[in-house]
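Position 153 (the sequence shown) corresponds to 155 in my numbering; numbering is contiguous.
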Amino acid sequence: MELRGVTALVSGAGGGLGAATARELAGAGAHVVVADLDARTGEKVAAETGGTFVETDVTRAESVEHAVRVAAEVAGPLRVAVSCAGIAPAAGTVGLDGRPHDLETFERALAVNVVGTFNVMRLAAAAMAVTDPLDGGERGVVVNTSSAAAEDGQAGQVAYAASKGAVAALTLPAARDLASIGVRVCALSPGLFDTPLFAAIPPEFRRSMERQIVFPPRLGEPAEFARAVRAVCELGYLNAAVVRLDGGLRLPRK
Numbered sequence: 003m004e005l006r007g008v009t010a011l012v013s014g015a016g017g018g019l020g021a022a023t024a025r026e027l028a029g030a031g032a033h034v035v036v037a038d039l040d041a042r043t044g045e046k047v048a049a050e051t052g053g054t055f056v057e058t059d060v061t062r063a064e065s066v067e068h069a070v071r072v073a074a075e076v077a078g079p080l081r082v083a084v085s086c087a088g089i090a091p092a093a094g095t096v097g098l099d100g101r102p103h104d105l106e107t108f109e110r111a112l113a114v115n116v117v118g119t120f121n122v123m124r125l126a127a128a129a130m131a132v133t134d135p136l137d138g139g140e141r142g143v144v145v146n147t148s149s150a151a152a153e154d155g156q157a158g159q160v161a162y163a164a165s166k167g168a169v170a171a172l173t174l175p176a177a178r179d180l181a182s183i184g185v186r187v188c189a190l191s192p193g194l195f196d197t198p199l200f201a202a203i204p205p206e207f208r209r210s211m212e213r214q215i216v217f218p219p220r221l222g223e224p225a226e227f228a229r230a231v232r233a234v235c236e237l238g239y240l241n242a243a244v245v246r247l248d249g250g251l252r253l254p255r256k
């Protein structure tokens with residue numbers, strides 16, 4: 003798909019992987035709708051990319067409906083939807099104090115990471131369905147964010163791993179569902195990336211994590227994730243795939 007002249011909706015685009023994706027897609031000529039809960043960071047990324055900021059809670063249908071409506075009307079046709087909004091709570095199924103995993107925390111991880119991803123996908127795809135098809139019948143592409151934890155989640159990642167596993171699992175059936183309207187669906191499964199989450203980690207702990215990566219022995223760069231998103235968008239034969247982006251990393255037990 004040629005990105006120049008189309009509109010791309012990116013959730014969680016106020017920082018980290020989402021912000022890098024917004025910059026990459028804007029650099030390829032797309033008009034980016036920056037959908038994020040944080041108005042301060044979201045407006046900053048929108049200003050940097052020449053895009054449009056929409057304050058968005060991905061867990062609320064009406065909030066995403068508004069973001070999709072803006073994306074469908076602001077510039078070129080909505081053809082790209084990328085879900086980067088997510089949370090990563092950490093807790094054991096039963097803690098060291100003997101207490102069970104907080105249920106609200108588990109439910110919140112599923113709400114943001116799974117329901118939020120599906121909410122963006124279903125509404126964006128419906129908007130893509132009414133656009134004119136490109137050569138070959140393609141109308142759009144959805145790129146969701148899973149995680150290496152979906153396959154080898156660590157101790158303390160039960161909520162996060164379950165949510166990201168669900169994102170990976172919905173990829174194939176969603177691609178099959180949306181084939182009739184010419185919309186592709188893929189997911190990227192990043193490993194350890196140099197996002198703000200790692201900024202406060204002590205250098206010695208960071209180095210120990212990097213040593214677990216096969217090659218190259220370093221954290222991934224958000225720009226690399228963003229280039230992978232762009233590649234999915236531009237490679238029209240790539241569909242129903244869950245692609246690990248992790249330098250060969252396999253997460254240890256803990």
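Don't be surprised by glycine CBs; every beta carbon is placed ideally from N, CA and C.
Contact set for residue i: own chain, Cβ-Cβ below 7 Å, skip 5 residues either direction
i	result
A74	L80, A129
L221	L194, F195, D196, F200, E212
Y239	none
A113	T61
G88	G14, V114, N115, T147
T107	P91, A93, A161
Q159	A92, A151
G138	G238
G31	L5, R6, G7
V244	S148, A170, T173, A189, S191
R42	none
Coarse secondary structure for residue i, derived from DSSP in three states
i	result
R246	strand
E1	Past the boundaries of the shown model lies residue 1; the chain is included only from 3 to 256, so the question cannot be answered.
C235	helix
L172	coil
R81	strand
G222	strand
F217	coil
Segment limits, beta strand (DSSP E) that includes residue i
i	result
L11	9 to 13
D38	33 to 38
S191	185 to 192
6 Å CB neighbourhood of residue i in its chain, flanking five on each side removed
i	result
E45	F55
A24	V12, A15, V34, V36, V47, T51
V70	L125, A126, A129
T9	H33, A73, A77, G78, L80
S149	K166, S191
A257	The shown model of the chain, from 3 to 256, leaves out residue 257, and the question about it has no answer.
R252	D154
V185	A127, M130, R141, G142
Range of the contiguous alpha helix (DSSP H) that encloses residue i
i	result
E45	41 to 51
F207	205 to 212
S65	63 to 76
G18	18 to 29
Own chain residues within Cβ distance below 8 Å of residue i, not counting five before or after
i	result
I183	A127, M130, A131, R141
A157	G94, R255, K256
T133	P79, L80, R81, R141, G142
C86	V12, S13, G14, A15, G18, L19, G20, T23, T147
H68	V56, T58
P102	T95, V96
Chain C within 8 Å of residue i, Cβ atoms only
i	result
V35	Checking the listed chains, one finds no chain C in this structure; it contains a single protein chain.
Rounded Cβ spacing between residue i and residue j (contact assumed at less than 8 Å)
i	j	result
V187	L180	6 Å
V216	V145	V216 to V145, Cβ: 24 Å. No contact.
V66	V117	Contact flag wrong, Cβ pair sits at about 10 Å.
G249	P224	With 8 Å as the limit, G249 and P224 do not qualify as a contact, their Cβ atoms being about 14 Å apart.
A242	A177	4 Å
L172	F120	7 Å
L136	M3	7 Å
A1	G53	Only positions 3 to 256 of the chain appear in this structure, which leaves residue 1 out of reach.
heavy atom of the ligand FAD below 7 Å from residue i C-beta
i	result
S149	With respect to small molecules bound, the structure shown includes none, and the ligand FAD cannot be examined in it.
Scan the segment 91 to 158 and note each continuous beta strand (DSSP E) run of 3 residues or more that stays entirely inside, going in chain order. 142 to 147
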